[in-house]
Amino acid sequence: DYQAHMRNFSIVAHIDHGKSTIADRILELTDTVAERDMKQQLLDNMDLERERGITIKLNSVELKYTAQDGEEYTFHLIDTPGHVDFTYEVSRSLAACEGALLVVDAAQGVEAQTLANTYLALDNDLEILPVLNKIDLPSADPEMVKEEIEDMIGIDATEAVLVSGKTGFGIEELLERIVTDIPAPTGDINGPLQALIFDSIYDSYRGVVLSVRLKTGRVKVGDEIQIMSTGKKFEVTEVGVQSPKPVAKKELIAGDVGYITANIKSVRETHVGDTITSPANPAPAALPGYRQIKPMVYAGLYPVDNGKFNDLREALEKLQLNDAALEFEPETSQALGFGFRCGFLGLLHMDVVQERLEREFNLDLIMTAPSVDYHATLTDGSERMISNPAEMPEVGQLKEIKEPFVKAEIMVPEEYVGSVMELCQRKRGVFQTMDYLDKYRVNVVYEMPLSEIIFDFFDDLKSNTKGYASLDYDIIGYRASDLVKIDILLNKEPVDALSFIVHREFSAERGREIASMMKNIIPRQNFEVAVQAAIGAKVIARTTIKAYRKDVTARIHTGDPDRRAKLLDKQKRGKKRMKSVGKVEVPQEAFMAVLKMN
Ligand code: GDP
Ligand code: MG
Numbered sequence: 008d009y010q011a012h013m014r015n016f017s018i019v020a021h022i023d024h025g026k027s028t029i030a031d032r033i034l035e036l037t038d039t040v041a042e043r044d045m046k047q048q049l050l051d052n053m054d055l056e057r058e059r060g061i062t063i064k065l066n067s068v069e070l071k072y073t074a075q076d077g078e079e080y081t082f083h084l085i086d087t088p089g090h091v092d093f094t095y096e097v098s099r100s101l102a103a104c105e106g107a108l109l110v111v112d113a114a115q116g117v118e119a120q121t122l123a124n125t126y127l128a129l130d131n132d133l134e135i136l137p138v139l140n141k142i143d144l145p146s147a148d149p150e151m152v153k154e155e156i157e158d159m160i161g162i163d164a165t166e167a168v169l170v171s172g173k174t175g176f177g178i179e180e181l182l183e184r185i186v187t188d189i190p191a192p193t194g195d196i197n198g199p200l201q202a203l204i205f206d207s208i209y210d211s212y213r214g215v216v217l218s219v220r221l222k223t224g225r226v227k228v229g230d231e232i233q234i235m236s237t238g239k240k241f242e243v244t245e246v247g248v249q250s251p252k253p254v255a256k257k258e259l260i261a262g263d264v265g266y267i268t269a270n271i272k273s274v275r276e277t278h279v280g281d282t283i284t285s286p287a288n289p290a291p292a293a294l295p296g297y298r299q300i301k302p303m304v305y306a307g308l309y310p311v312d313n314g315k316f317n318d319l320r321e322a323l324e325k326l327q328l329n330d331a332a333l334e335f336e337p338e339t340s341q342a343l344g345f346g347f348r349c350g351f352l353g354l355l356h357m358d359v360v361q362e363r364l365e366r367e368f369n370l371d372l373i374m375t376a377p378s379v380d381y382h383a384t385l386t387d388g389s390e391r392m393i394s395n396p397a398e399m400p401e402v403g404q405l406k407e408i409k410e411p412f413v414k415a416e417i418m419v420p421e422e423y424v425g426s427v428m429e430l431c432q433r434k435r436g437v438f439q440t441m442d443y444l445d446k447y448r449v450n451v452v453y454e455m456p457l458s459e460i461i462f463d464f465f466d467d468l469k470s471n472t473k474g475y476a477s478l479d480y481d482i483i484g485y486r487a488s489d490l491v492k493i494d495i496l497l498n499k500e501p502v503d504a505l506s507f508i509v510h511r512e513f514s515a516e517r518g519r520e521i522a523s524m525m526k527n528i529i530p531r532q533n534f535e536v537a538v539q540a541a542i543g544a545k546v547i548a549r550t551t552i553k554a555y556r557k558d559v560t561a562r563i564h565t566g567d568p569d570r571r572a573k574l575l576d577k578q579k580r581g582k583k584r585m586k587s588v589g590k591v592e593v594p595q596e597a598f599m600a601v602l603k604m605n
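The number in full-length UniProt numbering is simply the position in the sequence shown, starting from 1, with 7 added.
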């Protein structure tokens, strides 16, 4: 029967080990995509993904494969991102599957996210099929990587499939192994409808489009469905699968991975992780759903145009449907007006959210300096969480402040261990352990403040190790630290959105650095601007931005109207990302300057 011929699997791996490329070869070999429509990393269909060459969103696709046994199988393949900021996408994908292809670059070996993603797959009780990719590379060493997989992950890798996403070698064998090694779904087709919402997106015509995995039962157009967490009922208007474009179907049955639309117009009616059932024959219980994740970094988001506050709220709500890790709540800034404090899983996530809001919802935004959340105990004994540096209590009121700490695992070839340790030490890291993974590679473990990891650690780590180090981290708790808030004043007025929190040891240096950066970032105005960095009432650094009197175009020859127009146009565009703070025009980069400090 049909269900016994279904195979649902995710592809998981460390970033750049070749998930999306292997997915391409599978789509080609199964003729899911016509040759003329084929392009590299086809499932990375967001512009942002294509520009950056990374997968940001999970993406499911249905394909048909006629196996060597002569039978036709239906595969639901879910490609997932590899970057640590998008682990939540991976964990949601896995809950829709019975198996996972664990792709490991045969030249690089097991990396930090290989491990992290394998643990997620094991948590979901998935059958794991190890796949060694890039065996076309002269530096590929499949035997050693097999050993690594066995030693570090503890799964049998003797039967690992050797493939090359680049040349297509081994892909046919991989498809056979998916048939033989990954179990078919088993949910009762005639049972009550029970479907997990693992993703969703807002479509202005169809309303909310739900990505679902049916565990039991069936669903078709015209059926009444109910969202178990809210009790809300809807009539199904369309069901189908991505192949990879949406293809409407008559019905989805237990085991299927597809989509449902039901004229759901309000974004608050459903949440990723909810269970769908049928009010006529309800499921006994909701599916486990997903654990709520906590943001790692917070930043303020403000519309450049204050009148767009409600547009921003609506955009955030719609984006949240497609990005369940995004959190936000309204906040006000003296400098920037009304906006939102948003929580992200990391800086890449933060960057992606800002870009998606601007592109998909046509907004111009200012984002303030990112910050982790701190726990403050005041002298009166009360406690408070601080995710906005501007809210740090005054020096005299603060008894103790704690910051999040992480356990950081860094995998690196042994020749770079010295420079990795030096870097960790500089970032207030506390050494824990060091173990050899194999003959050449070492796993170095440090406990470090999250704030030091989030900011520029990863870039520094990469540049100190020629790109060979990989990193994974987990929050281990809050620890007291000697932290201070640095305020930035423009013409004696503190700009709340520019405040940031640092360790006292670095405060003088960072104060000077930020003041001189502001001088370069904030353009000259037609009056002088004094920039000061201060801790409480104490000014620790100052610079001056000289006045700029002349019209920029004044010096340009009037006989060259083209150039003049271009220049004015350029100025205008540059303005879009400027915010008037008092009388001073402050560009977006000023708010991000803390990220550029050494
Ligand atoms: P993902 O991040 O895991 O999705 O990785 P991608 O599929 O985007 O691939 C990362 C990079 O590795 C791209 O530049 C690919 O062209 C390259 N790549 C993928 N598979 C192979 C392979 O089998 N051999 C070689 N030589 N390069 C590959
Ligand atoms: Mg990818």
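Glycine is no exception: its CB is placed at the ideal position from the N, C-alpha and C atoms.
Kindly indicate the opening and closing residues of the alpha helix (DSSP H) around residue i.
{"i": "Leu-323", "result": "316-329"}
{"i": "Ala-30", "result": "26-36"}
{"i": "Ser-218", "result": "Premise fails: Ser-218 lies in the beta strand (DSSP E), 214-223, not in any alpha helix (DSSP H)."}
{"i": "Gly-518", "result": "511-528"}
{"i": "Lys-553", "result": "Careful: Lys-553 lies outside any alpha helix (DSSP H) and carries neither H nor E."}
{"i": "Ile-185", "result": "178-188"}
{"i": "Val-359", "result": "354-367"}
{"i": "Lys-153", "result": "149-155"}
Is the distance from the Cβ of residue i to the Cβ of residue j below 8 Å?
{"i": "Met-151", "j": "Leu-444", "result": "no"}
{"i": "Ile-483", "j": "Glu-454", "result": "yes"}
{"i": "Gly-280", "j": "Gly-296", "result": "yes"}
{"i": "Ile-417", "j": "Val-451", "result": "yes"}
{"i": "Gly-194", "j": "Lys-222", "result": "yes"}
{"i": "Ser-146", "j": "Ala-114", "result": "yes"}
{"i": "Asn-15", "j": "Pro-253", "result": "no"}
{"i": "Leu-328", "j": "Val-215", "result": "yes"}
{"i": "Leu-333", "j": "Val-304", "result": "no"}
{"i": "Gly-25", "j": "Asp-112", "result": "yes"}
{"i": "Asp-23", "j": "Gly-116", "result": "no"}
Residue i to residue j, Cα distance in whole Å?
{"i": "Ala-537", "j": "Val-402", "result": "24 Å"}
{"i": "residue 2", "j": "Met-392", "result": "Outside the displayed span of the chain (8 to 605) sits residue 2, for which this structure offers no information."}
{"i": "Ile-204", "j": "Thr-551", "result": "55 Å"}
{"i": "Pro-310", "j": "Leu-370", "result": "7 Å"}
{"i": "Gly-581", "j": "Gln-10", "result": "Annotation note: pLDDT 48 at Gly-581 (below 50); position unreliable, no value reported."}
{"i": "Ala-597", "j": "Tyr-485", "result": "29 Å"}
{"i": "Leu-169", "j": "Thr-284", "result": "41 Å"}
{"i": "Glu-336", "j": "Thr-165", "result": "50 Å"}
{"i": "Ser-67", "j": "Leu-108", "result": "14 Å"}
{"i": "Tyr-475", "j": "Val-427", "result": "11 Å"}
{"i": "Ile-232", "j": "Ala-202", "result": "10 Å"}
{"i": "Lys-499", "j": "Gln-539", "result": "7 Å"}
{"i": "Met-45", "j": "Ser-514", "result": "53 Å"}
{"i": "Gly-388", "j": "Gln-404", "result": "10 Å"}
{"i": "Met-525", "j": "Lys-469", "result": "27 Å"}
{"i": "Leu-127", "j": "Leu-101", "result": "8 Å"}
{"i": "Ala-269", "j": "Ser-218", "result": "12 Å"}
{"i": "Gly-425", "j": "Asp-479", "result": "19 Å"}
By the DSSP assignment, the beta strand (DSSP E) with residue i in it spans what residues?
{"i": "Glu-338", "result": "334-340"}
{"i": "Tyr-309", "result": "304-310"}
{"i": "Asp-206", "result": "201-210"}
{"i": "Pro-594", "result": "591-594"}
{"i": "Lys-57", "result": "In the sequence under discussion, the amino acid at residue 57 is Arg, which differs from the Lys named in the question. Element bounds for Arg-57: not the beta strand (DSSP E) but the alpha helix (DSSP H), 54-59."}
{"i": "Arg-43", "result": "No beta strand (DSSP E) holds Arg-43; DSSP gives it neither H nor E."}
Alpha carbons only, please: which of the options is nearest the one belonging to residue i?
{"i": "Lys-256", "options": "Glu-512, Val-264 and Val-246", "result": "Val-246"}
{"i": "Phe-464", "options": "Glu-42, Lys-603, Ala-30 and Leu-101", "result": "Lys-603"}
{"i": "Val-264", "options": "Tyr-555, Ala-600, Glu-520 and Met-13", "result": "Met-13"}
{"i": "Met-374", "options": "Glu-398, Val-138, Ile-63 and Leu-343", "result": "Leu-343"}
{"i": "Asn-140", "options": "Ser-100, Ala-123 and Leu-181", "result": "Leu-181"}
{"i": "Arg-549", "options": "Leu-478, Glu-520 and Gly-543", "result": "Glu-520"}
{"i": "Glu-79", "options": "Glu-183, Val-111 and Ala-167", "result": "Glu-183"}
{"i": "Ile-29", "options": "Val-419, Gly-172 and Leu-70", "result": "Gly-172"}
{"i": "Glu-242", "options": "Glu-105, Gln-432, Asp-230 and Ile-234", "result": "Asp-230"}
Check the Cβ-Cβ distances between residue i and every residue of chain D, and say whether any is below 8 Å.
{"i": "Pro-377", "result": "Absence of chain D from the displayed structure is noted, only one protein chain being present."}
Beta strand (DSSP E) runs wholly inside the segment 464-509, at least 3 long, in chain order: 477-487 and 490-497
Every unbroken alpha helix (DSSP H) inside the segment 414-452 [4 residues or more]: 424-433
Residue ranges of each beta strand (DSSP E) within the segment 67-129, 3 or longer: 79-86 and 106-112
3 or more residues per run - each beta strand (DSSP E) lying fully within the segment 242-279: 245-249, 253-256, 258-260 and 264-268
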